[in-house]
Amino acid sequence: MSVGIVLVSHSPALASATVEMARTLAGPGVSIAPAGGTADGEVGTSIDVIRNAIADADAGRGVVVLMDMGSSVLTAKTLLEDLEDGEPQLRLADAPFVEGTVAAAVLASTGAELESVARSAEEAWSMRKL
Amino acid sequence: MSVGIVLVSHSPALASATVEMARTLAGPGVSIAPAGGTADGEVGTSIDVIRNAIADADAGRGVVVLMDMGSSVLTAKTLLEDLEDGEPQLRLADAPFVEGTVAAAVLASTGAELESVARSAEEAWSMRKL
Amino acid sequence: MGCTCQYAGAAVGGLIVNLDATTARAWIVRVAELIHANEQRLTDLDATIGDGDHGANMQRGVAAAVASLEEQEPEDAGKVLNSTGRELISKTGGASGPLYGTGFRRAGKELGDEVDVQAVARALEAMLRSIEELGGATQEEKTIVDALAPAVAAFQETSGQGGDLHAAASAAAEAAERGAAATIPLQARKGRASYLGERSIGHEDPGAASTALIIRALADVTAP
Amino acid sequence: MGCTCQYAGAAVGGLIVNLDATTARAWIVRVAELIHANEQRLTDLDATIGDGDHGANMQRGVAAAVASLEEQEPEDAGKVLNSTGRELISKTGGASGPLYGTGFRRAGKELGDEVDVQAVARALEAMLRSIEELGGATQEEKTIVDALAPAVAAFQETSGQGGDLHAAASAAAEAAERGAAATIPLQARKGRASYLGERSIGHEDPGAASTALIIRALADVTAP
Ligand SMILES: Nc1ncnc2c1ncn2[C@@H]1O[C@H](COP(=O)(O)OP(=O)(O)O)[C@@H](O)[C@H]1O
Ligand SMILES: Nc1ncnc2c1ncn2[C@@H]1O[C@H](COP(=O)(O)OP(=O)(O)O)[C@@H](O)[C@H]1O
Ligand SMILES: [Mg+2]
Ligand SMILES: [Mg+2]
Ligand SMILES: [Mg+2]
Ligand SMILES: [Mg+2]
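Residue numbers (the working numbering), protein chains in the order written: chain A, 57 to 186; chain B, 57 to 186; chain C, 66 to 289; chain D, 66 to 289.
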């Protein structure tokens, strides 16, 4: 199984849609889970929702976390501190949400390691489209 | 009414979710429309779907178009050429999809002009999250 | 500015000079009361320069914190603040959740089972530093920090000059309120409001406003 | 490699030396036949380094192009190619749609009502340039360009040396097929397959493969 990928968004729909898109591009072998919205499916961020998604996505090789913005970033950082010495291995990726997810998912599907997957997401800042 | 914004994605769900998110952040005064997937709602890109979304979003002040990747970019560029001398005024923005959309939508809600709205989307490449 | 809340009893008949477990609990309960009374105002402020959920977010967070304190009986103030932080992180649902939550947890960790005004000064400073660290904000960026930083400075100054817990907390509350008001002319550089650019100018920051309530609550429950 | 398709009749009894409206229509119909016959192969190639829809995309696009040609009767080859381009853009639904579509439209515009082999050479060159411009790809990036560029060069060389339309198209088709095969060891630098990085090495590019079919179709319908 691949390195895990978790997408934190304060919008449940955005997290799910981006997961779907990444699955289409990277194939079914990628372990990727959405962490969108609060526990009752509202817009917002929930540390418990993120924690559960990480547990879902983890296959023992660590989990890369991408965040859309604002409270997603702050909550993911808070969770990282909580887990500092624990399992699973977490790596927050500072990346554009969609572009970084696609890059990370495709690379993860090749069996790449945690750090390279995270870095491929972060390199998406230097991508250009036109 | 604000400058229009159109989001081209080959995923209908991603276009809609991003529009929703931008509306939440920028308020109801922003004219923003999704152009996701093909005419029958499948994954893919359709120049007609984009053309219709542009007509929806245009309120006479021009339309900024953001694209997720690949065929979305190529189809939007093709459409731009078709309209070269016509209405409405189109400006393709080379921007990270979610981050650029949020920046563009919020700025558009302040009444800003086409070129500034497009530029605010493009400046989102230099945003950092951590 | 005497305390009229349900926990006023804790102070009846004596000066509160220490932040013991009872006073810490009273603080959090008073925070919940003030947030509840100001929920609409916080929501309105956030609707103007954010997404209009700060009142509801804070209300949800502090209600969970109070409920959790009712279930357990943390034995010292440090544990009270830690439990409060945990609930705020878990239930608030906005950027303010991890920020205040981390702030209360670090304050609780710093305080431990100490109770005196110097320890409280250090705890508040730890709260400020952890919020700055997590959110990356410095002063004048139109955030929580603009109310909390002057509050901590005023608390330290007053306590450093021999002021007691209530005197220090009162000075801090006034400084926080001034700091919150002073966010009005600022342009937001952090958080959701920063997307507005110059349009964020001219309105009080909702997070700074809720910070002023949090510090005011401490002054309230330590009033003689 | 004679033409066995339904439009072969257009060529019966004479050498086809010009790309008139009838021959241009026959070309597009033959493209549709070859795409149809190779749909699964294109899909499989795209499933390996893309999203597995290139067969279906091309099938949808060329079917729409043929249907549109049946409805109207464009009076010259330029208009046939223009109509084909419009349908490909509108119906294909993948990156190949705007690329081939723009290519056919520009070729049609360049051709206009001209018919001779030199005009066809210029039209194919216009197709190549417009695809390069739209997609930003140069050779060796594992795309359509890797089949089309050598095809155009071979067409120009053969026609420049006095070769007729069929000779030039046959040389172009062979060059396109070699170009497509030569994409196997390349790493994709454009399009969806580029996300795979090195994993894209070792497989033929689906777009280059469909380009080879498109040029082969022209050789087929111009065969004596
Ligand atoms: N990076 C940050 N540093 C400090 N305070 C911040 C930061 N981001 C946001 N805030 C504070 O949070 C407040 C908004 O909280 P809230 O409305 O509950 O969250 P959200 O913005 O996610 O809806 C802002 O008014 C601001 O004071
Ligand atoms: N920028 C580009 N320039 C040239 N050709 C490209 C480009 N992007 C993609 N292609 C071609 O398109 C082919 C894929 O087409 P298709 O599968 O129909 O579209 P999609 O990739 O959107 O699913 C690729 O094999 C490649 O040859
Ligand atoms: Mg808010
Ligand atoms: Mg919010
Ligand atoms: Mg494809
Ligand atoms: Mg596709």
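Backbone N, C-alpha and C define an ideal beta-carbon position, used for all residues, glycine too.
query: Say the cut is 6 Å; is the CB of G200/D nearer than that to a heavy atom of ligand 2?; result: yes
query: Can you give me the start and stop residues for the beta strand (DSSP E) that I209/D sits inside?; result: Neither: I209/D is in no beta strand (DSSP E) and is coded neither H nor E.
query: Give me the subset of the segment 249 to 280 of chain D whose CB atoms are less than 9 Å from a CB atom of chain A, sorted by chain position.; result: R257, Y260, L261, G262, E263 and R264
query: R264/D and T166/A: beta carbons closer than 7 Å?; result: yes
query: CA-CA distance, Q105/D and P271/D?; result: 11 Å
query: CB of G159/C to nearest heavy atom of ligand 3: below 6 Å?; result: yes
query: Relative to the C-alpha of M57/B, which residue among P68/B, L63/B, M77/B and G85/B is closest?; result: G85/B
query: On the DSSP letters alone, give me the boundaries of the beta strand (DSSP E) that P90/A sits inside.; result: S87 to G92
query: Using a Cβ-Cβ distance under 7 Å, would L130/A count as near chain C?; result: yes
query: How about N103/C and L283/C: are their beta carbons less than 7 Å apart?; result: no
query: Kindly indicate the opening and closing residues of the beta strand (DSSP E) around S65/B.; result: G60 to S65
query: Under 6 Å from any heavy atom of ligand 5, does the C-beta of D116/D make it?; result: yes
query: Could you please tell me which residues of the segment 148 to 164 of chain A, in chain order, have their CB closer than 9 Å to any CB of chain G?; result: The displayed structure is made up of protein chains A, B, C and D, and chain G is not among them.
query: What are the boundary residues of the beta strand (DSSP E) that includes L146/B?; result: L146 to A149
query: Rounded to whole angstroms, what is the Cα-Cα separation between I280/D and S65/A?; result: 47 Å
query: Under 9 Å Cβ-Cβ, which residues of chain A neighbour D109/D?; result: Here the premise fails: no neighbours, minimum Cβ distance about 14 Å.
query: Can you check which of these residues, R90/D, W92/D, A142/D and A202/D, is closest to A160/D by C-alpha distance?; result: A202/D
query: Within 10 angstroms of the Cβ of Q124/D, are there 16 or more other Cβ atoms? Answer buried if so, exposed if not.; result: buried
query: Could you pull the start and end residues of the alpha helix (DSSP H) that L122/A belongs to?; result: Element bounds for L122/A: not the alpha helix (DSSP H) but the beta strand (DSSP E), V119 to M123.
query: Name the two residues that bound the continuous alpha helix (DSSP H) containing A127/A.; result: In the sequence as presented, Ala is not what sits at residue 127/A; that position holds Ser. Per DSSP, S127/A belongs to the alpha helix (DSSP H) from S127 to D138.
query: Straight-line CA distance for N184/C to L176/C?; result: A small correction: the amino acid at residue 184/C is Ala; Asn does not occupy that position in the sequence shown. Distance between the alpha carbons of A184/C and L176/C is about 6 Å.
query: Could you name the residues of the same chain whose beta carbon sits closer than 6 Å to that of A186/D, not counting the 5 residues immediately before and after it, in chain order?; result: F220, Q221 and S224
query: Return the residues of the segment 76 to 102 of chain A that lie within a Cβ-Cβ distance of less than 8 Å from chain B, sorted by chain order.; result: E76, M77, T80 and V99
query: For a quick check, are the C-beta atoms of A91/B and V75/B less than 7 Å apart?; result: no
query: For K133/B, decide whether its Cβ has a neighbour in chain D, counting only Cβ atoms nearer than 7 Å.; result: yes
query: For a contact defined as C-beta to C-beta under 7 Å, what are the partners of T166/A on chain B?; result: None at all; the shortest Cβ gap to chain B is about 19 Å.
query: Could you tell me whether the segment 169 to 180 of chain B touches the segment 203 to 211 of chain D, where touching means 3 or more Cβ pairs closer than 8 Å?; result: no
query: Along the chain, where does the alpha helix (DSSP H) that runs through P163/D open and close?; result: S161 to L176
query: Given L164/D, which residues of its chain have a CB within under 7 Å of its CB, disregarding the five upstream and five downstream residues?; result: I196, L199, G200 and I209
query: So does T208/C have its beta carbon nearer than 6 Å to some heavy atom of ligand 1?; result: yes
query: For V77/C, does the count of other Cβ atoms within 10 angstroms reach 16, so buried, or fall short, so exposed?; result: The predicted position of V77/C is uncertain, since its pLDDT is 44 and thus under 50; no value can be drawn from it.
query: Along the segment 96 to 126 of chain C, what residues have a CB closer than 7 Å to any CB found in chain B?; result: D116
query: Can you tell me which of the three DSSP states T287/C falls into?; result: coil
query: Would you mind stating whether A69/B and A73/A have Cβ atoms separated by less than 7 Å?; result: yes
query: Quick check on T101/A: does DSSP put it in helix, strand or coil?; result: strand
query: Does the Cβ-Cβ distance between A142/C and A86/C come in under 7 Å?; result: yes
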